[in-house]
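What follows is one structure encoded as C-alpha cells, with my remarks underneath.
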Amino acid sequence: MSEDIQCLLVSNTLDYSTDLVCLELERLKAKYLRLNRDQFSQFEITIDIDSTTMTMSIGERSFHFKNAPENAVYYRAPTFLRGLGKSYSIEEQLYHSQWSAFVRNLAIFDKVRWINNPVDTYRAENKLLQLSLANKCGLETPKTIVTNSADSIDPNKVYAVKSIDTAVFSAGEVEMFSYTSKVCGKAIQSSNMASAPVFVQEYLGQKIDIRATYISGKLFPVSITKQGLGISGDWRKTKKEELEYLPIKIPLSIEEGLCRLMKSLRLSYGGIDLAKAGDTYFFIEVNPTGEWHWLQSNTNINFSGMIAETLFGLNAIP
C-alpha cells in the first residue's frame, strides 16, 4: 500500500540545504519524500496524467503524491543540467536529457504549493526579463546593454561585464567559472566580442552589496561587507573569512517593489542581489534557485525552518 506524502523535495544527494529542510520537516512531523536527481533510476516512478498523481517506489516502499492544495513541492534542481565540455556516454546523455525534461513536466501539478514551479523558474532565470520587470515595478537598475559589439562602448568609462547565463566551462580536468568583471571601455573595444553576447552594465564603484532573501512574501536583507566597508567589484572574489554579513532594513518602497517583482515572476522564493550606491538601491538580479545556507550559517536566520513551514502550509504563499 502506498504512503501518501504531503511534501516532495526534488534535489540531489550532495545538497546540504535540502538536508536542513528535511530536518525541519521531521520536526513538523510532515510526510515527505526527497527525490534526488542523481538517484532517479533507483526508483520506479509513474505519473498518471488523468488523475494527476505520481507514484514512486523503492525497495518495498511506495509513495503516492497527488495534485492537491494541501501538498507542496520544493524544487532545488536547475531547469537545465549544464555539462559544457564534458563527455557523456549515450546512456548518460539519455539520463540527463530525459530526467531533466521529466522534472520540468512536474509543472502538471498545478494545485500544489511550489518553491518554485520549474516553468516559472525557467522563465525567471532570464536576466533581461528580470531587469525589464524590475523597472516596471519601480526599482532602479544599472544602465544595461546586451551586445556582442563594442560600437556603443565609451572608451573613457568603466563597465561591469558579465555573462548572460551562468558561465561554467571545462578544459580537460579544470573547471572554470566567470565572475562579474570591472573592465574599462578601451579594453572592451580592443577585445573580440563577436563570438558571444555579454551584459555590459553601468559600473557601481562605491556600493554596498545586499542579498535579500525572499520567502513567501517576506524579505530578509543582509549586507555583505569587508571590514565594514563596501567591496569593489564582485564580492564573491573576496576570501570567505574576510566577509561580514549583517541583517539590515531597507526602505519600505524598495521592499514593496521587490515583492511586486517576485509576484510578477511568480516566485515564492528567490535570492535577490541589490547594490546600494549613495542613497540609491539598485536591483542587480534574482536567482530563483539561489543558495541560502551560507547566509543562515552566518546570520542565524532560520531560512530552512521558514521553507519547511511554507511547504507544510504554515506560511501562505501570496
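In terms of the working numbering, the sequence shown is numbered consecutively and its last residue is 1513. We put the CB at the ideal spot given by N, CA and C, even for glycine. Predicted model, so just to flag it, every value in this text is computed and none were measured.
For this session: Check each candidate in L1230, L1228, R1232 and M1251 and name the one with the smallest Cα separation from E1239.
Result: M1251
Exercise. Taking Cβ positions, are G1466 and W1487 nearer each other than 8 angstroms?
Worked result: yes
Exercise. Cα separation between K1434 and V1417?
Worked result: 18 angstroms
Exercise. Around the C-beta of S1499, are 16 or more other C-beta atoms found within 10 angstroms, so that it is buried, or is it exposed?
Worked result: buried
Problem set entry | Three-way DSSP call (helix, strand, coil) for S1418 in this model | strand
Problem set entry | Unbroken stretches of the alpha helix (DSSP H), 4 residues or longer, contained in the stretch 1239 to 1299 | 1285 to 1299
Exercise. From K1381 to L1424, what distance separates their C-alpha atoms?
Worked result: 29 angstroms
For this session: Quick one: measure Cβ to Cβ for F1477 and E1287, integer angstroms, because I've assumed they're closer than 8 angstroms.
Result: Between E1287 and F1477 the Cβ distance is about 41 angstroms, and since that is not below 8 angstroms, they are no contact.
Exercise. Is the CB-CB distance between A1267 and R1232 below 8 angstroms?
Worked result: no
Exercise. Which term fits A1329, buried or exposed, when burial requires 16 or more other beta carbons within 10 angstroms of its beta carbon?
Worked result: buried
Exercise. Chain B beta carbons: is any one of them nearer than 8 angstroms to that of G1412?
Worked result: Given the protein chain composition of this structure (a single chain), no chain B is represented.
For this session: Compare the C-alpha of V1378 against each of Y1464, K1226, A1345 and I1410 and name the closest.
Result: A1345
Problem set entry | Segment contact, 8 angstroms Cβ cut-off, at least three pairs: the stretch 1347 to 1357 with the stretch 1384 to 1401 | yes
Exercise. Is it the case that the Cβ atoms of Q1325 and V1481 are separated by a distance below 8 angstroms?
Worked result: yes
Exercise. Between Y1440 and N1493, which are expected to be in contact by the criterion C-beta below 8 angstroms, what is the C-beta distance as a whole number of angstroms?
Worked result: 4 angstroms
Exercise. From which residue to which residue does the alpha helix (DSSP H) around A1302 run?
Worked result: That residue, A1302, is in no alpha helix (DSSP H); it is neither H nor E in DSSP.
Exercise. What's the call for N1312, buried or exposed, on a 16-neighbour Cβ count within 10 Å?
Worked result: buried
Exercise. DSSP state of C1379, grouped into three classes?
Worked result: strand
For this session: Measure how close the beta-carbons of Q1201 and K1226 come, nearest whole angstrom, since I'm counting them as under 8 angstroms.
Result: 5 angstroms
Exercise. Going along the chain, which residues of its own chain have a beta-carbon closer than 8 angstroms to the beta-carbon of I1303, five neighbours each way excluded?
Worked result: I1242, I1244, T1247 and N1262
Exercise. Secondary structure at P1442, three-state DSSP: helix, strand or coil?
Worked result: strand
For this session: Can you have a look at I1426 and say buried or exposed, based on whether 16 or more other CB atoms are within 10 angstroms of its CB?
Result: buried
For this session: List the whole-angstrom C-beta distance separating P1392 from I1359, where the pair is believed to meet the contact cut-off of C-beta under 8 angstroms.
Result: 6 angstroms
Problem set entry | Unbroken stretches of the alpha helix (DSSP H), 4 residues or longer, contained in the stretch 1317 to 1355 | 1322 to 1331
Exercise. Got a sec? Which residues, its chain only, sit under 6 angstroms from S1519 by beta carbon, not counting five neighbours each side?
Worked result: The shown model of the chain, from 1196 to 1513, leaves out residue 1519, and the question about it has no answer.
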